[in-house]
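Worksheet: the structure to be examined is printed underneath.
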Amino acid sequence: KKRVVSGVQPTGSIHLGNYLGAIKSWVALQDLYETLFLVVDLHAITMPHDVEQLTKSTRTSAALYIACGIDPTKASIFVQSHVPAHAELTWLLSCVTPISWLNKMIQFKEKARKSGEDVGTGLLTYPLLMASDILLYQSDLVPVGEDQRQHLELTRDVADRVNHLYGGRKWKKLGGRGGKIFKVPEALVPETCARVMSLTDGTAKMSKSAPSDLSRINLLDTPDQIANKVKRCKTDSALGMEFGNEERPECNNLLSIYQQVTGKTQQEVIAECGEMSWGQFKPVLTDALIAHLQPIQKTYDEVSADVGYLDSILADGAAKANLLADTTLQNVYSAMGFVPRT
Ligand code: TYM
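In terms of UniProt numbering, the sequence shown opens at residue 63 and continues consecutively.
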């Protein structure tokens with residue numbers, strides 16, 4: 063069976079971009095592949111973080127995975143820091159990766175620029191932690207939104223480099239099994255909603271870190287909050303609703319969101335909403351969002367009320383992940399010439 067790995071950072075609340083760009087596709091994949099979904103808590107400290115918030119957000123994220131339809135009897139759900147191999151492999155990868163590769167990362171450049179301060183080293187090396195998340199499990203596919211594509215490319219380059227430097231016959235000579243150390247993974251980016259845009263600016267990505275909460279729909283927003291955000295979202299003065307008009311990014315974004323939460327085709331959405339004004343479309347979108355999120359929120363309430371249950375799922379997930387990750391990690395150590403632990 064092919065293996066699938068993905069994760070979300072427990073910083074702030076999970077929003078519609080994370081859901082439509084990534085989590086929603088995880089749900090379909092768990093029936094086809096062996097799946098591992100992590101809450102990437104080590105990633106959440108690359109920028110200054112609130113200590114209590116991290117604990118809370120980590121459990122909230124795991125509960126939301128389940129609420130969105132990830133079934134712990136099919137998929138492994140775990141917390142990244144519960145599997146020490148992630149941090150260990152990151153060090154090994156950081157020693158074989160040229161700084162110039164990391165300096166090219168768009169997210170690093172943007173975040174460093176926005177912060178305006180001397181940012182932590184972890185912000186630069188962060189893509190190697192992500193590469194470790196993926197490579198430790200010999201993953202075939204990594205379902206992510208568009209903004210992670212560059213990190214996936216880097217992961218592939220790092221995997222190739224390690225395979226080339228330490229794999230193959232060299233490793234065999236050392237008494238290892240030879241061949242590839244890492245499988246080279248592929249990104250799986252959805253066709254629609256790979257980049258969900260902000261409600262207040264159709265040219266900016268919906269993001270957890272945008273200062274205004276009005277720019278995003280969080281999965282745990284109440285019906286009133288959703289109605290208010292849609293009411294106040296940015297519109298334009300053109301007539302009717304349409305997909306794909308570059309001059310109307312807000313319109314394309316909201317129609318795409320509507321399409322995804324209703325499960326309709328583009329043609330069906332156009333037949334239904336093509337002639338609508340913004341005033342007519344907004345309540346339709348609001349109702350669809352509320353209807354889609356309600357069952358998720360109900361399950362979330364049930365799951366998060368039972369911390370014991372949630373923690374036991376995370377413990378099971380970590381136990382399984384540790385076994386898989388350790389096998390890869392020991393192979394990397396062996397191929398790089400480290401004396402085995404006995
Ligand atoms: P993060 O936490 O920023 O986002 C989690 C997932 O949501 C996607 N996403 C979006 N998709 C569409 N539209 C948006 N506006 C939007 N915003 C976010 C992201 O592409 C991502 O799939 N480094 C990663 C997390 C990570 C990871 C991994 C992912 C760590 N290790 C291993 C896959 C495999 C991140 O910061 O995602």
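Note that the Cβ used here is the ideal one computed from N, Cα and C, for glycine as well.
These numbers were taken from a predicted model, which means no experiment stands behind them.
Here residue 93 is exposed: its Cβ has fewer than 16 other Cβ atoms, across all protein chains shown, within 10 Å.
Between the beta-carbon of residue 250 and that of residue 205 there is about 4 Å, and that keeps the pair under the 8 Å contact cut.
It is roughly 21 Å from the alpha-carbon of residue 257 to the alpha-carbon of residue 174. Remark: the shortest separation between the CB of residue 111 and any heavy atom of the ligand TYM does not fall under 7 Å. Non-local beta-carbon contacts of residue 379 in its own chain, meaning distances under 6 Å to residues more than five positions away in sequence, involve 138, 139 and 140 in chain order. Around the beta-carbon of residue 69, 16 or more other beta-carbon atoms lie within 10 Å, marking it buried.
Beta bridge pairing from DSSP links residue 280 with 77.
In the DSSP assignment, residue 251 falls outside any alpha helix (DSSP H) and carries neither an H nor an E. Of the candidates 201, 164, 209 and 132, 164 places its Cα closest to the Cα of residue 187. In the DSSP assignment, residue 341 falls within the unbroken alpha helix (DSSP H) covering 340 to 367. For residue 240, there is no enclosing beta strand (DSSP E), since its DSSP letter is neither H nor E.
In the structure shown, residue 404 adopts coil according to DSSP, grouped into three states.
Of the candidates 87, 135 and 73, the residue whose Cα lies closest to the Cα of residue 119 is 73. Looking only at 367, 202, 160 and 71, the smallest Cα-Cα distance to residue 115 is reached by 71. Shown here for residue 276: same chain residues with a beta carbon closer than 7 Å to its own, the five before and five after excluded, namely 261, 262, 291 and 294 in chain order. Between residue 281 and residue 81 the beta-carbon gap is near 6 Å, inside 8 Å, which marks them as a contact. Taking a 10 Å sphere around the C-beta of residue 288, we find 16 or more other C-beta atoms and assign the residue as buried.
Shortest gap from the CB of residue 378 to any heavy atom of the ligand TYM: 7 Å or more. For residue 217, the enclosing alpha helix (DSSP H) covers residues 211 to 228. Separation of residue 226 and residue 156 (C-alpha to C-alpha, rounded to the nearest whole angstrom) is 16 Å.
When C-alpha distances from residue 283 are compared across 381, 77, 392 and 346, the shortest belongs to 77. In this structure, DSSP gives residue 100 an extended state, which the three-state scheme calls strand.
Counting only the Cα atoms, residue 200 lies some 20 Å from residue 232. With respect to the 8 Å criterion, residue 237 and residue 230 are not classified as neighbours on the basis of their beta carbons.
The three-state reading of DSSP puts residue 161 in helix, counting H, G and I together.
Secondary structure of residue 67 (DSSP, three-state): strand. The three-state reading of DSSP puts residue 181 in coil, since its state is none of H, G, I, E or B.
Selection 403, 389 and 402 evaluated against residue 145 yields 389 as nearest (Cα-Cα). Between the ligand TYM and the CB of residue 101, the shortest heavy atom gap is not smaller than 7 Å.
Among the bridge pairs identified by DSSP, residue 138 is matched with 98. Exposure of residue 369 is indicated by the presence of fewer than 16 other C-beta atoms within 10 angstroms of its C-beta.
Collapsing the DSSP output to three states places residue 91 in a helix. In terms of side-chain proximity, the C-beta atom of residue 314 is found no nearer than 7 Å to any non-hydrogen atom of the ligand TYM. In this structure, residue 328 has its beta carbon at no less than 7 Å from each heavy atom of the ligand TYM.
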